[in-house]
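Those sequence lines, one after another, are chains P and W. For the record, in the first sequence the residue sitting at position 67 is 67 according to the working numbering, with numbers rising by one throughout. For the record, in the second sequence the residue sitting at position 80 is 1080 according to the working numbering, with numbers rising by one throughout.
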Amino acid sequence: MEQDIEIEVRNRDGSTVVAARGEVDVATAPALRDGLDEALDHDIGTVVVDLTGVTFIDSTGLGVLIGARRRCVEAGRDLRVVVAEPRILKVFEITGLTELFTIHPSLEPALGA
Amino acid sequence: MSPEPTGSTGSGPFASAAQVELTLSVADDLLVLARLTVSAVATRAGFDIEEIEDLRLAVDELCLQVLLGRRTGRLVLAMAAEPGCIDVWSRYEGTEEARPDGLDDEGDLSERILDALVDEHGPFVHDGRPGAFLTKRRALAGG
C-alpha cells in the first residue's frame, strides 16, 4: 500500500518554501526529509516549511523537522513552520515544539516575518 | 479491562480480551491501517471525533515505540473496547534487533505525545516479545 504525500520545493520572495500535503508518518517522512534536504541545498534564504496541507504528523515527521532545524542553525539560516490545522498545531503544542519552532498560521506572514 | 503487566506470559490480551487483532507487515509501512482500524473501533465505543484523532496519533506512536527502527518482521495489534474505554496492545514479531540509534528525538517526542493523549501507556512483554499498551477513556462530560 502506497501512501500519498506531495512535497513541493520552490523559491518565493527570497525564501525556500517546502510545502507538504498529506499524512506524514514513518512511511512518508523520508519524502519530507528529501524535500528539506533539497531546500537546504538551494542555499537560498529562510526555509519555510508549509504544513497547511498536512492532515497528520507523528513523531517521525517531527523528528525530520527537528533535524532540518538543526542543519539550518548550523548553516546560519532561519527555519519557519506554517501550521493552519488545529490538529497539527496541537501535536506541536503537546510536544513542546512551539518553543523550538517559529510557527505561523499562514504562508504570507511566514515569508514576511 | 486492564493492561497486561510487564513480564507476563501466556496468551494475554491477544487471545482473551481482544476484540480486534491486526497483523501488519513492517516492511510495507502499513501504520495507516492501524490508524484506520483504531478509528473504527473507537467510533463503535462512542468516542467523539477529537478523541478519535487523538487515538489515531497515539496508536501510531505506540507502534513506533515497539518497532524502534525495525524494518522487517510483523507488527501485531490487539484492541478491546467497551463504551467509553479502549485498550490497545502492540507487539513485534520478528528477529530483527531494535535500531534505536538516531531515534532519540522521536522517542522523546513519542513519550510526550502518549503522555498527553492517553490515560495509561507503557511497555509489556508477551511470550518473551517486546510490546506496549495504551488505555484511553472518554472524558466525563463537564470534566
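Ideal Cβ placement from N, Cα and C applies to all residues, glycine included.
Contact set between leucine 62/P and chain W, taken where Cβ atoms lie within less than 7 angstroms: Leu1109
Delimiting residues of the beta strand (DSSP E) encompassing proline 1083/W: Unbroken run through proline 1083/W: none, as it is neither H nor E.
If you draw a straight line from the C-alpha of leucine 56/P to the C-alpha of arginine 21/P, how long is it? Reading the sequence as shown, one finds phenylalanine at residue 56/P and not leucine. Approximately 10 angstroms, taken between the alpha carbons.
For isoleucine 94/P, which three-state DSSP category applies? helix
Does any residue of chain W have a CB that is nearer than 8 angstroms to the CB of phenylalanine 101/P? no
DSSP-derived helix/strand/coil call for alanine 1098/W: coil
Contact test: valine 83/P Cβ vs the ligand FMN heavy atom, cutoff 7 angstroms: Although the ligand FMN was asked about, the structure shown includes no ligands whatsoever.
contact_flag[the segment 1060 to 1077 of chain W, the segment 1025 to 1045 of chain W] where n(CB pairs < 8 angstroms) is 3 or more: yes
In the segment 1032 to 1060 of chain W, which residues sit with their C-beta less than 8 angstroms from some C-beta in chain P, listed in chain order? Val1032, Leu1033, Arg1035, Glu1053, Arg1056, Leu1057 and Asp1060
Does DSSP put proline 1123/W in a helix, in a strand, or in coil? strand
Output the distance between the C-alpha atoms of proline 1083/W and arginine 1056/W, rounded to the nearest integer angstrom. 18 angstroms
Serine 59/P lies in the alpha helix (DSSP H); which residues open and close that run? 59 to 75
Say whether chain P places a C-beta atom closer than 8 angstroms to the C-beta of glycine 1007/W. Residue confidence for glycine 1007/W is low, a pLDDT of 40 falling below 50, so the modelled location carries little weight and cannot support an answer.
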